[in-house]
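Notes follow once the structure below has been shown.
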Amino acid sequence: MASQAQHTSNVNDDNPKDPAEVPLRAYNSRPTRPNPNPNPYPGVPGLPEAPHSTDAHRRRDSTMTRTLQRPILSPRRRRQSENTTTGMLAPFAGRLGGNQTFILDRSNPADAELLRKVPDAAPNLNLREMFDLGGFREVDMYKAAVVECFGTMILVFGSAYDSLSPGTPPPQPSPTSGVFSTTSFLGPLVAACINTILITLLIYCFGAISGAHLNPLITFATFFARLATFPRLVLYVAAQTLGGTLAGLLLRAAAGTRFFKVGGCFLFTDEARISSQFVIEFMGSLLLLVMAFGVGLDPRQKEIFGPALAPILVGLAAGGSALCFAFSVPGSGGAGLNPARCFGVFVGSHFPGWHWVNWVGPLAASMLHGIVYWIVPPGSAQNHRMASVVDEADETDEKRVDRDTV
Numbered sequence: 005m006a007s008q009a010q011h012t013s014n015v016n017d018d019n020p021k022d023p024a025e026v027p028l029r030a031y032n033s034r035p036t037r038p039n040p041n042p043n044p045y046p047g048v049p050g051l052p053e054a055p056h057s058t059d060a061h062r063r064r065d066s067t068m069t070r071t072l073q074r075p076i077l078s079p080r081r082r083r084q085s086e087n088t089t090t091g092m093l094a095p096f097a098g099r100l101g102g103n104q105t106f107i108l109d110r111s112n113p114a115d116a117e118l119l120r121k122v123p124d125a126a127p128n129l130n131l132r133e134m135f136d137l138g139g140f141r142e143v144d145m146y147k148a149a150v151v152e153c154f155g156t157m158i159l160v161f162g163s164a165y166d167s168l169s170p171g172t173p174p175p176q177p178s179p180t181s182g183v184f185s186t187t188s189f190l191g192p193l194v195a196a197c198i199n200t201i202l203i204t205l206l207i208y209c210f211g212a213i214s215g216a217h218l219n220p221l222i223t224f225a226t227f228f229a230r231l232a233t234f235p236r237l238v239l240y241v242a243a244q245t246l247g248g249t250l251a252g253l254l255l256r257a258a259a260g261t262r263f264f265k266v267g268g269c270f271l272f273t274d275e276a277r278i279s280s281q282f283v284i285e286f287m288g289s290l291l292l293l294v295m296a297f298g299v300g301l302d303p304r305q306k307e308i309f310g311p312a313l314a315p316i317l318v319g320l321a322a323g324g325s326a327l328c329f330a331f332s333v334p335g336s337g338g339a340g341l342n343p344a345r346c347f348g349v350f351v352g353s354h355f356p357g358w359h360w361v362n363w364v365g366p367l368a369a370s371m372l373h374g375i376v377y378w379i380v381p382p383g384s385a386q387n388h389r390m391a392s393v394v395d396e397a398d399e400t401d402e403k404r405v406d407r408d409t410v
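Residue numbers (the numbering used here): 5 to 410.
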């Protein structure tokens, strides 16, 4: 008994006195073994621990631990979160596709400083904000205009090259199948499919930088709809026209001649009248604007389509509008729908006497669309009345719940 007591006392002396420090282990479990791969950086999962560390090692390990545990923030995300106009993601309400993500709230005091520098970062500009000439002093505005020039040059050259043909009158319709068996229909059909894909992808490429207008028609429409300022209108249209001019010169070099025509930018006056071409251009531009605003530019469509789907729908709208007005009138190339495109084609070939149609038609359509947009703007009085009714109903329900609770 004495030896057993002595053995018990020795065991108790070796073990810690505090019950919290006694390691608990199941009776049938194996004893723990030292980790063959120690972790020198404690707190960082997946890295081994070091069994022995000096003070210098511990300081180094703590520094490495803080560095590895620090969240990674990309420069682009950091610039976007700082909400500054110096980055390439400056808000602009006239965007195609990406506009909903970058539209600011005009009633939010936190956005007041940014709206003073970029008034069209929010929709529904007033006249003073629309004609604020301070945009001519913004460097980012010129950067966006350069992007518009570059993107328009690519779009004009690609969309004109797939519609290029000799400068002869198109064939007459067939007596049995009409125009549907001739190149007057097959050419625009193929070009519409190609241009739909081309426009969609270019909007994805340039939408977050300049809004991807790539078309004076869209820029005119955003200005008259109070989504763009006058400085942006001037710089964008000038840049788009320059891009179309460069594309026309490249088109002439690729064709090797000036004697060519392009779908949407030709008219043989002995077969079709200039007045007919003006009506075609006006209605085609109006149709494109209605659909483009309905799926991509109107801030009211934010929750319906979103910025990811809108470029696809805008591309379909452009391709469908071009095909709709392309083949019905013999001797007419249909609606151009892009003044910079036809301007570039005329630079590469020759300027006809009716070339003003491709500018006046889209401009008139943009003005009419802007008038309609002013009559029924986003956030109209009816919407505000409906919102106030909903708020009053919510307040009544809250008071009823409070009364029942008491």
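Positions of the beta carbon are idealized from the N, C-alpha and C atoms, including for glycine.
DSSP-derived helix/strand/coil call for residue i
| i | result |
| --- | --- |
| Ser280 | helix |
| Val266 | strand |
| Ser336 | strand |
| Leu271 | strand |
| Ile107 | coil |
| Trp360 | coil |
| Gly365 | helix |
| Val122 | coil |
| Glu142 | coil |
| His373 | helix |
| Leu159 | helix |
| Arg256 | helix |
| Asp115 | helix |
| Gly248 | helix |
| Leu190 | helix |
| Ser353 | coil |
| Val151 | helix |
| Phe96 | coil |
| Ala322 | helix |
| Ser384 | Confidence is the limiting factor: at Ser384 the pLDDT is only 48, short of 50, which leaves the residue's position unreliable and the question unanswerable from this model. |
Span separating the alpha-carbon of residue i from that of residue j
| i | j | result |
| --- | --- | --- |
| Gly98 | Asp124 | 7 Å |
| Asp166 | Ala195 | 6 Å |
| Thr261 | Thr273 | 22 Å |
| Leu118 | Arg110 | 10 Å |
| Ala385 | Met145 | Since pLDDT at Ala385 reaches only 46, below the 50 mark, its modelled position is unreliable, and no value is offered. |
| Leu489 | Ala276 | Past the boundaries of the shown model lies residue 489; the chain is included only from 5 to 410, so the question cannot be answered. |
| Gly138 | Ser214 | 18 Å |
| Gly91 | Val122 | With a pLDDT of only 42 at Gly91, under 50, the local geometry of the prediction cannot be trusted, and no value is derived from it. |
| Ala322 | Met371 | 19 Å |
| Leu239 | Ala116 | 24 Å |
| Leu193 | Leu327 | 6 Å |
| Cys209 | Arg256 | 26 Å |
| Leu271 | Gly338 | 8 Å |
| Gly102 | Val299 | Note that Gly102 scores 48 on pLDDT, short of 50, meaning its location in the model is unreliable; the coordinates nonetheless yield the value given after this. Cα to Cα, the separation comes out at about 11 Å. |
| Thr233 | Arg141 | 13 Å |
| Asn112 | Gln244 | 34 Å |
| Cys153 | Ser353 | 20 Å |
| Phe331 | Trp358 | 19 Å |
| His217 | Val183 | 33 Å |
| Leu253 | Val151 | 19 Å |
| Ser163 | Pro179 | 31 Å |
| Phe96 | Pro315 | 16 Å |
| Leu168 | Leu246 | 21 Å |
Those residues which DSSP pairs with residue i across a bridge
| i | result |
| --- | --- |
| Gly182 | Ser178 |
| Ser169 | Lys265 |
Option in the options with minimal Cα separation from residue i
| i | options | result |
| --- | --- | --- |
| Ile107 | Pro113, Ala114, Val122, Ala126 | Ala126 |
| Val351 | Cys269, Ala148, Leu372, Met295 | Cys269 |
| Ile207 | Leu239, Ile158, Gln176, Pro175 | Ile158 |
| Leu291 | Ala344, Ala369, Asn112 | Ala369 |
| Ile379 | Gly155, Leu239, Gly365, Asn128 | Asn128 |
| Pro170 | Phe96, Leu221, Gly162, Ala259 | Ala259 |
| Leu367 | Leu271, His354, Ser353, Ala344 | Ala344 |
| Gly374 | Thr226, Ala314, Ala114 | Thr226 |
| Pro220 | Gly357, Gly248, Ala164 | Gly248 |
| Leu320 | Ser332, Arg132, Val294 | Val294 |
| Ser188 | Leu341, Pro356, Phe329, Gly357 | Phe329 |
| Thr200 | Val333, Val349, Ala296, Ser336 | Ala296 |
| Phe224 | Lys147, Val241, Ser280 | Val241 |
| Met134 | Ser280, Val361, Val318, Ala229 | Ala229 |
| Ile203 | Ser325, Lys147, Lys265, Leu168 | Ser325 |
| Thr156 | Asn362, Glu285, Phe347, Val283 | Phe347 |
| Leu198 | Ile278, Phe286, Phe161 | Strictly speaking, residue 198 in this sequence is Ile, with Leu absent from that position. Among Ile278, Phe286, Phe161, the Cα nearest to that of Ile198 belongs to Phe161. |
| Leu205 | Leu317, Asn342, Phe355 | Leu317 |
| Gln176 | Gln281, Pro334, Phe355, Val349 | Pro334 |
Closer than 7 Å: residue i CB and nearest the ligand HEM heavy atom
| i | result |
| --- | --- |
| Trp378 | Ligands in the displayed structure: none, and consequently the ligand HEM is not present. |
Min CB distance residue i to chain C below 8 Å
| i | result |
| --- | --- |
| Asp166 | Going by chain labels, chain C is absent from the structure shown, which holds only one protein chain. |
Secondary structure, alpha helix (DSSP H): runs of 4+ residues fully inside the segment 195-232 = For the segment 195-232, whole alpha helix (DSSP H) runs of length 4 or above, ordered along the chain, are 220-228.
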